[in-house]
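Under the numbering used here, the first residue of the sequence shown carries the number 84, and numbering increases by one thereafter.
Accompanying notes for the structure given below.
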Amino acid sequence: MKILRPATVHGQKVFIETYGCQMNVNDSEVVVSILKNEGYSHTDEISEADIVLINTCSIRDNAEQRIWGRLRDIRQYKKNKASLIVGVIGCMAERLKEELIEKEKLVDIIAGPDSYRELPVLIRTANEGGKAVNVELSKEETYAEISPVRLGKDGITAFVSIMRGCNNMCSYCVVPYTRGRERSRNYNTIISEIEELVARGYKEVTLLGQNVNSYNFTDDNGTVTDFPTLLRMAAEVSSALRIRFSTSHPKDLSDQVLYAIRDYPNICKSIHLPAQSGSNSVLKQMNRKYTREWYLDRISAIKRIVPECAISTDLIAGFCTETEEDHKDTLSLMEQVGYAFSFMFKYSERPGTQAARTMKDDVPDDVKTRRLTEIINLQNRLSLMSNRKDIGKTFEVLVEGRSKRSLEDMSGRNSQNKMVVFPAGGEKPGDYVMVEITDCTSATLLGRRVR
Ligand code: 5AD
Ligand code: SF4
Numbered sequence: 084m085k086i087l088r089p090a091t092v093h094g095q096k097v098f099i100e101t102y103g104c105q106m107n108v109n110d111s112e113v114v115v116s117i118l119k120n121e122g123y124s125h126t127d128e129i130s131e132a133d134i135v136l137i138n139t140c141s142i143r144d145n146a147e148q149r150i151w152g153r154l155r156d157i158r159q160y161k162k163n164k165a166s167l168i169v170g171v172i173g174c175m176a177e178r179l180k181e182e183l184i185e186k187e188k189l190v191d192i193i194a195g196p197d198s199y200r201e202l203p204v205l206i207r208t209a210n211e212g213g214k215a216v217n218v219e220l221s222k223e224e225t226y227a228e229i230s231p232v233r234l235g236k237d238g239i240t241a242f243v244s245i246m247r248g249c250n251n252m253c254s255y256c257v258v259p260y261t262r263g264r265e266r267s268r269n270y271n272t273i274i275s276e277i278e279e280l281v282a283r284g285y286k287e288v289t290l291l292g293q294n295v296n297s298y299n300f301t302d303d304n305g306t307v308t309d310f311p312t313l314l315r316m317a318a319e320v321s322s323a324l325r326i327r328f329s330t331s332h333p334k335d336l337s338d339q340v341l342y343a344i345r346d347y348p349n350i351c352k353s354i355h356l357p358a359q360s361g362s363n364s365v366l367k368q369m370n371r372k373y374t375r376e377w378y379l380d381r382i383s384a385i386k387r388i389v390p391e392c393a394i395s396t397d398l399i400a401g402f403c404t405e406t407e408e409d410h411k412d413t414l415s416l417m418e419q420v421g422y423a424f425s426f427m428f429k430y431s432e433r434p435g436t437q438a439a440r441t442m443k444d445d446v447p448d449d450v451k452t453r454r455l456t457e458i459i460n461l462q463n464r465l466s467l468m469s470n471r472k473d474i475g476k477t478f479e480v481l482v483e484g485r486s487k488r489s490l491e492d493m494s495g496r497n498s499q500n501k502m503v504v505f506p507a508g509g510e511k512p513g514d515y516v517m518v519e520i521t522d523c524t525s526a527t528l529l530g531r532r533v534r
């Protein structure tokens, strides 16, 4: 049965739910901006929505399974409102294309990460009762001039996307297939977006890209702007604005970036440097293009140039061919670096990647789980050690709000990106305060305010 929907879209309410990385969070803000310009309005209440968009992630199988589950929940809303339009956008839309429309009758719209400008057209098609798909990837699209509608509630921290896509081709990773080739956004639009955020009272921006260290924009005069230059330009916008960035590929982390971090107090002293594995043979299988020795050289450079810098990482347990010896290399790398925190995952084979095509997923699941547990246990110990070293130090903390655990406490982050909790004394979100650390857990620094 063809469902008739209103011919005019004006005022239709859009609800958007976001899964996956920070880039997706920012993409949802771009999507809302595009749709608002076309006369749609945004709602936080799915029950009020005329259009539900799910911005999806494909990075691991469990991310996709969660989204299939969520789509099943959304059927309920469609039962109550037959005219409801459901769109799947982002990485899973790109990866599963028509399969989603065929298997899941509920879905009206499929839009990949580079086709968000087309959403108004796709929604119109859906409004007329059709199914609409656009998953074309682009070599140029950066949504450069679109000013994202900030969906985060705090009004203090914001993401600014500086590039899209990825050229690295790590053998396990689906991102190059879902997000396409790497391209850098014009720095003029990046800096004006940051200026606008400062004018609106924002206190922290995180520059986002799959590999920010390879940021490279050539303007009409042929002048090339690289990442260290962009970082300095961003830091110059306002000394009261903190700058963070994510993610760095170890092969591209230059000393120039570290000098920029050292030179500007408002560039945060924290680097997320995904190692993935501590074993040279696994790194080779992963096509990471660096060795353990190269990685440790970059760590020494960080410790030399920015001694107070916190280092965090991503690690994968149980990649193809990983032996017990390789796994021990990962544990020893973790000890050697002394990570402040890590994101730790079990390897999940992604269809179409180089690993899925050419390697056997040969580490049994129970072994992957056991290795992951060992990695997590070690990280908990390292985080506690790292936090204990901060007892007695005083940090500048950007207040984010009340502590989740107790209303009598406030919480915020220090430059190292560690959560700091201290007794409330009239601070407001967005204030910078000095806090002396008196105690800690493996996840949090506890302290008291000093003048
Ligand atoms: N399986 C498990 N973890 C993965 N990651 C990326 N692809 C996979 C995969 N197939 C992890 C990496 C990456 C982080 C964003 O997700 O550690 O840095
Ligand atoms: Fe982000 Fe990668 Fe997940 Fe896509 S697949 S949403 S790029 S983490």
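All C-beta atoms in this analysis are idealised placements derived from N, C-alpha and C, irrespective of residue type, glycine included.
As the structure is a computational prediction, the values presented were derived from the model and not from experiment.
Practice task
Alpha carbon to alpha carbon, how far is Asn463 from Arg325? Give it in angstroms, no decimals.
Solution key: As a working mapping, residue 325 is identified with position 242 in the sequence shown. As a working mapping, residue 463 is identified with position 380 in the sequence shown. The straight-line gap from Cα to Cα measures roughly 27 Å.
Practice task
Take Met106 and list the residues in its own chain whose beta-carbon comes closer than 6 Å to its own, dropping the five residues that flank it on each side.
Solution key: Counting from one through the sequence shown, the residue named residue 106 turns up at place 23. Hits under 6 Å: Leu291.
Problem - Span separating the alpha-carbon of Gly435 from that of Thr261 - result: Residue mapping note: residue 435 aligns to position 352 of the sequence shown, counting from 1. Residue mapping note: residue 261 aligns to position 178 of the sequence shown, counting from 1. Using only the alpha carbons, I get a separation of about 11 Å.
Practice task
Since I believe Ile172 is in contact with Ile137 (beta carbons under 8 Å), could you give me their beta-carbon distance rounded to a whole number of angstroms?
Solution key: For the purposes of this step, residue 137 is taken as residue 54 along the sequence shown, with counting starting at 1. For the purposes of this step, residue 172 is taken as residue 89 along the sequence shown, with counting starting at 1. Contact between Ile137 and Ile172 holds: CB atoms are separated by about 7 Å, below the 8 Å threshold.
Handout entry: Contacts around Leu87, its chain only, beta-carbon distance under 6 Å, and the 5 residues preceding and following it disregarded
Key = Locating residue 87 in the sequence shown gives position 4, where the first residue counts as 1. Residue confidence is low: Leu87 scores 45 on pLDDT, short of 50, so the model does not pin down where it sits. Its coordinate-derived value is still stated next. Within the same chain, Leu87 has no close Cβ partners at all.
Practice task
With DSSP collapsed to three states, give me the class of Arg268.
Solution key: Along the sequence shown, read from residue 1 onward, the residue named residue 268 stands at position 185. It is coil, neither helix nor strand.
Practice task
Please report the Cβ distance between Lys96 and Asp156, rounded to the nearest whole angstrom; I am assuming they are in contact, meaning their Cβ atoms lie under 8 Å.
Solution key: Here residue 96 refers to the residue found at position 13 when the sequence shown is read from its first residue. Here residue 156 refers to the residue found at position 73 when the sequence shown is read from its first residue. With a Cβ gap of about 19 Å, Lys96 and Asp156 do not count as contacting.
Practice task
Examine ligand 1 and report whether any of its heavy atoms sits within less than 7 Å of the Cβ of Asp302.
Solution key: For the purposes of this step, residue 302 is taken as the residue at position 219 of the sequence shown. No, the Cβ of Asp302 stays beyond 7 Å of every heavy atom of ligand 1.
Exercise for the section: Flag Arg264 as yes when its Cβ comes closer than 7 Å to any non-hydrogen atom of ligand 2, and as no otherwise. Expected result: The residue labelled residue 264 in the question sits at position 181 within the sequence shown. Not under cutoff, so the answer is no.
Exercise for the section: Mind reading off the beta-carbon distance from Thr477 to Val518? Whole number of angstroms is fine, and I expect it under 8 Å. Expected result: Position 394 of the sequence shown, counted from the first residue, corresponds to residue 477. Position 435 of the sequence shown, counted from the first residue, corresponds to residue 518. The distance from the Cβ of Thr477 to that of Val518 is about 7 Å, consistent with a contact at the 8 Å cut-off.
Handout entry: Limits of the unbroken beta strand (DSSP E) element including Met369
Key = Taking the first residue of the sequence shown as 1, we reach residue 369 at position 286. From DSSP, Met369 is part of no beta strand (DSSP E); its letter is neither H nor E.
Handout entry: Residues passing the C-beta test against ligand 1 heavy atoms, cut-off 6 Å
Key = Close to ligand 1, as judged by a C-beta nearer than 6 Å to any of its heavy atoms, are the residues Ile142, Arg143, Tyr255, Cys256, Pro357, Gln359, Asp397, Ile399, Phe428, Tyr430, Ser431 and Arg433, in chain order.
Exercise for the section: Work out the CA separation of Arg149 and Glu187 for me, nearest whole Å. Expected result: Numbered from its first residue, the sequence shown carries residue 187 at position 104. Numbered from its first residue, the sequence shown carries residue 149 at position 66. Cα to Cα, the separation comes out at about 14 Å.
Problem - Endpoints, the beta strand (DSSP E) within which Leu290 is located - result: For the purposes of this step, residue 290 is identified with residue 207 of the sequence shown, where counting begins at 1. Start and end: Glu287 to Leu291.
Exercise for the section: Could you work out which residue in Tyr285, Glu407 and Ile206 is closest to Val552 when comparing CA atoms only? Expected result: This structure cannot settle anything about residue 552, because the visible part of the chain is limited to 84 through 534.
Exercise for the section: Alpha carbon to alpha carbon, how far is Ile520 from Ile474? Give it in angstroms, no decimals. Expected result: Looking up residue 474 in the sequence shown gives position 391. Looking up residue 520 in the sequence shown gives position 437. Going by the C-alpha atoms only, they are around 5 Å apart.
Exercise for the section: Excluding the 5 residues preceding and the 5 following Ala215 in the sequence, name in chain order all residues of the same chain whose CB lies nearer than 6 Å to its CB. Expected result: As a first step, residue 215 must be located in the sequence shown, where it is residue number 132. Same-chain partners within the cutoff: Ile192, Leu205, Thr208 and Ala209.
Practice task
Taking only heavy atoms of ligand 2 into account, decide whether any of them is closer than 7 Å to the Cβ of Asn145.
Solution key: Numbered from its first residue, the sequence shown carries residue 145 at position 62. Incorrect: Asn145 has no Cβ contact closer than 7 Å to ligand 2.
Practice task
Excluding the 5 residues preceding and the 5 following His125 in the sequence, name in chain order all residues of the same chain whose CB lies nearer than 6 Å to its CB.
Solution key: The residue given as residue 125 occupies position 42 in the sequence shown. Cβ within range, chain order: Val97 and Val115.
Handout entry: Beta-carbon proximity check, Leu167 vs Tyr160, cutoff 8 Å
Key = Along the sequence shown, read from residue 1 onward, the residue named residue 167 stands at position 84. Along the sequence shown, read from residue 1 onward, the residue named residue 160 stands at position 77. Contact flag set, yes.
Handout entry: Within the stretch 286-355, ranges of the alpha helix (DSSP H) (whole runs, at least 4 residues)
Key = 310-320 and 338-346
Exercise for the section: Using beta-carbon positions only, say whether Ile229 and Val113 come within less than 8 Å of one another. Expected result: Position 146 of the sequence shown holds residue 229. Position 30 of the sequence shown holds residue 113. Cβ distance < 8 Å, so Ile229 and Val113 count as in contact.
Practice task
Over the uninterrupted beta strand (DSSP E) stretch that includes Cys523, give me the two end residues.
Solution key: In the sequence shown, residue 523 corresponds to position 440, counting from 1. First-last of the beta strand (DSSP E) with Cys523: Tyr515 to Cys523.
Exercise for the section: Tell me Leu528's beta-bridge partners as DSSP assigns them. Expected result: Taking the sequence shown and counting its residues from 1, one reaches residue 528 at position 445. In DSSP, Leu528 forms a bridge with Val503 and Cys523.
Handout entry: Collapsed DSSP secondary structure at Arg433 in the structure displayed
Key = Against the sequence shown, residue 433 aligns to sequence position 350. Arg433 falls in the coil class under three-state DSSP.
Exercise for the section: Could you tell me whether the Cβ atoms of Cys392 and Ser353 are closer together than 8 Å? Expected result: The sequence position of residue 392 within the sequence shown is 309, counting from 1. The sequence position of residue 353 within the sequence shown is 270, counting from 1. Between Cys392 and Ser353, the C-beta gap is smaller than 8 Å, which places the two residues in contact.
Problem - Cys253 Cβ short of 7 Å to ligand 2 heavy atom set - result: Locating residue 253 in the sequence shown gives position 170, counting from the first residue. No, Cβ of Cys253 sits at least 7 Å from all heavy atoms of ligand 2.
Practice task
Identify the continuous alpha helix (DSSP H) that holds Asn120 and give its terminal residues.
Solution key: Here residue 120 refers to the residue found at position 37 when the sequence shown is read from its first residue. Membership of Asn120 in the alpha helix (DSSP H) is indicated by the continuous run Gln105 to Asn120.
Problem - Proximity winner among Pro506, Thr441, Asn269 and Ser525, relative to Cys403 (alpha-carbon distances) - result: One-based indexing of the sequence shown puts residue 403 at position 320. Check the Cα spacing between Cys403 and each of Pro506, Thr441, Asn269 and Ser525: the tightest is with Thr441.
Exercise for the section: For Leu529, I'd like the list of residues in its chain whose CB is within less than 8 Å of its CB, leaving aside the five on either flank, ordered along the chain. Expected result: By one-based count along the sequence shown, residue 529 stands at place 446. Taken in chain order, the residues that qualify are Val503, Val504, Phe505, Ile520, Thr521, Asp522 and Cys523.
Problem - Length at least 3, wholly inside the stretch 224-276: the beta strand (DSSP E) runs in chain order - result: 240-244
Exercise for the section: Note down, in chain order, each residue of its chain lying with its Cβ closer than 8 Å to the Cβ of Lys119, except the 5 sequence neighbours on either side. Expected result: As a working mapping, residue 119 is identified with position 36 in the sequence shown. Closer than 8 Å at the Cβ level, and outside the excluded window around Lys119, lie His125 and Val232.
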